[in-house]
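Letter 239 of the sequence shown, counting from 1, is numbered 239 in full-length UniProt numbering, and no numbers are missing.
Here a beta-carbon is modelled for each residue, glycine too, at the ideal position from N, C-alpha and C.
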Amino acid sequence: MINVGIIGGSGYTAGELIRILMNHPNAKLDFVYSTTNAGKQLHIAHQDLLGEIDFTFTDKVNPEVNVVFLCLGHGKSKSFLTEHQFASHTKIIDLGNDFRLHKDEVFDGKKFIYGLPELNKTEIKKAQFIANPGCFATAIQLALLPLAEAKLLNDDVHINATTGSTGAGVSLSETSHFSWRNNNFSHYKAFEHQHLGEISESLHQLQSDFKNELLFIPNRGDFPRGIFATLYTKSEDSWEELVAKYEAFYKNQPFVTVTTTNINMKQVVQTNKCIISLMKKGNRILITSVIDNLVKGASGQAIQNMNLMFGLEETTGLHLKPSGF
């Protein structure tokens, strides 16, 4: 069994990790660390776990666990790892943004591999330290990687993507308050979202001469979870050629499905799936990408990475079906 520790145990991503790991045949929770909830049952913070698991938060860390998931606020993983040392065999998967960019990938002698399995599966299998991708970044990269591999990103890419309120984290803010969010819609960080850096680096990994702009408008939706992203750019390739390239790129990627039908977010919520829909009008290709921001965009992808790091089938514990109603 893989003994698992979770740091920052009271947030949404930690809750999703616990929910999925409870039914993982090769993993066992060792500790869930939370200084604010130490000594309390997990269901105090994660009400969906009431009656499901008898486990308490702790303010103690077991440094000998096989793998630890860092579910801390962005920028806090470095300070935590400075203050707490883990065994030389312990694998670390960070769900924050501390180590995602190339300039930050080495910390205290540890090299963090960017954990997008559909891009870096070979490296992930050999890695000890993983920087889990951001949620918007996952949806957008999966929409564009086949074009980058085929060297077909030769124009600006227009991106409009909407995320649920859980994307803002569990701490209450003005724009996550129910009375503000309900029956409301807004954009934020237009053209300058923090995930643009990791998206750009991944695209350059496959198409080094990509020099056009990623024009990204992130939106806040009035639903709790999920990301619905639409992207368009120019392409002179035929419709049939584009579909064939996408299907070939994702042929051996179990969590990505390519379709030419209209799709909706309920098809992926509560799962580790990404569905990509392709349309073409004239010389423009429209790509729609849908994921659950807390699963494929965070905790599910982190467990997918854990599976790869420990030599398991990457779908282990992640056979999750959505509810379409």
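Check: Contact the region 256 to 267 vs the region 188 to 195: 3+ CB pairs below 8 Å; Outcome: no
Check: Range of the contiguous beta strand (DSSP E) that encloses Ala27; Outcome: Ala27 to Tyr33
Check: CA-to-CA distance, Gln128 to Gly15, given in whole angstroms; Outcome: 23 Å
Check: Same chain, Cβ closer than 7 Å to Asn3, neighbours up to 5 away in sequence not counted; Outcome: Lys28, Asp30, Val65 and Asn66
Check: Tyr12, DSSP secondary structure in three states; Outcome: helix
Check: Cβ-based burial, Ser79 [other Cβ within 10 Å; buried from 16]; Outcome: exposed
Check: Separation of Ile44 from Leu206, as counted between CA atoms; Outcome: 45 Å
Check: Inter-residue Cα distance where the pair is Ser88 and Lys110; Outcome: 11 Å
Check: At least 3 beta-carbon pairs within less than 8 Å: the region 151 to 166 vs the region 199 to 214; Outcome: yes
Check: Per DSSP, the bridge partner or partners of Ser186; Outcome: Arg220
Check: Runs of alpha helix (DSSP H) lying entirely within the UniProt domain "Semialdehyde dehydrogenase NAD-binding" (3 to 127), each at least 4 residues, in chain order; Outcome: 12 to 21, 77 to 83 and 117 to 126
Check: Per-residue DSSP class, three states only, for Lys251; Outcome: coil
Check: Where the alpha helix (DSSP H) containing Ile303 begins and where it ends; Outcome: Gly300 to Met309
Check: Residue of Thr271, Asn293 and Gln301 minimising C-alpha distance to His319; Outcome: Thr271
Check: Spatial distance of Lys245 from Lys321 (CA atoms); Outcome: 27 Å
Check: Straight-line gap, Thr185 to Phe223 (C-alpha atoms, nearest Å); Outcome: Thr is not the amino acid found at residue 185; the sequence shown has Phe there. Taking the straight line joining both Cα atoms gives about 10 Å.
Check: Euclidean distance between Cα positions of Ile18 and Ser235; Outcome: 43 Å
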